[in-house]
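Residue numbers (full-length UniProt numbering): 1 to 462.
From the three backbone atoms N, C-alpha and C, an ideal C-beta is built for every residue, glycine too.
Structure, as structure tokens:
Next comes the structure, spelled out in structure tokens:
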């Protein structure tokens, strides 16, 4: 036995089971829209057995609204509607699917007879439910051959739930990755835009700097006096060439009294082209530069010129030794203190090469000049230590030379051969003692050799 409820609002009159059933002619005018199972050919005729059975039930009371457990017309026609995302949870969908499966059998047929205004008459099994009767109890004897769809088992539902959760997790992780990717792309685009703005602003700044009017730089007046380059007369050249002749090789041409140095023709020949300068010529010339300063103190800087043996005594094979040169600069010998000089010149002989070290008291720096652009910090460190010891020994003053600069002068005229290093060193001293910048080059070396020879022969530096 089963009970079927028609999906339609009924009035109280239609719910009265004691009312007579409609006549056969009225029943024939109504069309059936849906049919389930086997359709009875005598469905237009009322069944006396059914009426007699229903008449035993008491009168029906007011109808109560209850949930419909039969598939609606839309579900029979098109199947269950697809759930919209986020409308209900997975458990709701699972429950609805399970409820829907209970009402489907293998032999069910769905027949669409068109849209009619009148309500359909539904027939289930062998008994039919009339339109005017609200509830009809019919025999629902199920054929033994008829198969009933079994509901899904709990293990199947668990596996479906697990698959669903895994799919949800995968979808959520994929969505998170997409969000991160979009965020990174936005950030990259912002960084790219910022990089473009930086480049644009840098170019704009460089253009503004270029368009800015440059301050007018006053050209440095390089004073090139005539004195260092006074041409030699014919008498000067003749005198020098005569001294270079072989007949004067062993002859003492001049003697410098203060230094007690004899200059023979053989010694003077070091000033001929392609010859290396020797200690006698260099030391006599340095003595002449000091005498020139004494003659005209206002014209030249106050300098001290060490000879070529000073540094060898100060720094020997055994190392730094101030005591070896302590008596070289006594007040009685010099008549002045070294710390009172503007510049102190120290010739350096390195095997076969001459260089120059300068203690510049006026500018508080140590200079190293090499015509081959060499560098030797050991020499300047030794001279810095010597200056501190000398000031403390002779003047009782402590000089902090650690704050002084050590400069290896680079913008110097360079020698272009292997024998003019000594001549370059002497001219560095000559120009510095005059207070001049270095404004000579390799091409002046032949002239400087002849001029130096003339000045030594006359024992007078000009």
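Check                                                                                                                                            : Outcome
Residues in its own chain within less than 6 Å of residue 405 by CB, not counting five upstream and five downstream?                             : 365
Within the continuous beta strand (DSSP E) that includes residue 358, where are the two ends?                                                    : 353-360
Have a look at residue 24 and residue 96 and give me their C-alpha separation to the nearest angstrom.                                           : Low per-residue confidence applies at residue 24: pLDDT is 48, beneath 50, and the placement is therefore not dependable enough to give any value.
Closest to residue 392 by CA distance: which of 182, 249, 285 and 326 is it?                                                                     : 326
Using the Cα positions of residue 385 and residue 349, report the straight-line distance between them to the nearest angstrom.                   : 20 Å
Is residue 270 helix, strand or coil by DSSP?                                                                                                    : helix
Of the choices 372, 418, 440 and 398, whose alpha-carbon is the least far from that of residue 410?                                              : 372
Give a yes or no on whether the C-beta atoms belonging to residue 268 and residue 243 are separated by under 7 Å.                                : yes
Quick one: what's residue 365 bridged to in DSSP?                                                                                                : 360 and 405
Is residue 459 helix, strand or coil when you go by DSSP?                                                                                        : coil
Whole angstroms are fine: how far does the CA of residue 417 sit from the CA of residue 332?                                                     : 42 Å
Would the segment 440-453 and the segment 313-324 be scored as touching if the rule is three or more Cβ pairs under 8 Å?                         : no
Look at the alpha carbon of residue 239 and the alpha carbon of residue 396, and state the distance between them as a whole number of angstroms. : 49 Å
Let me make sure I understand the geometry here. Which of 403, 283 and 195 has the alpha-carbon closest to that of residue 388?                  : 403
Give the single residue among 413, 338, 415 and 351 whose Cα lies nearest to the Cα of residue 383.                                              : 338
Within a Cβ cutoff of 7 Å, which residues of the same chain sit near residue 144, ignoring the five residues on either side of it in sequence?   : Reliability fails at residue 144, whose pLDDT of 46 lies under 50, so the model's placement of it is uncertain and no value is given.
Along the chain, where does the alpha helix (DSSP H) that runs through residue 434 open and close?                                               : From DSSP, residue 434 is part of no alpha helix (DSSP H); its letter is neither H nor E.
Please state whether DSSP places residue 173 in a helix, a strand or coil.                                                                       : helix
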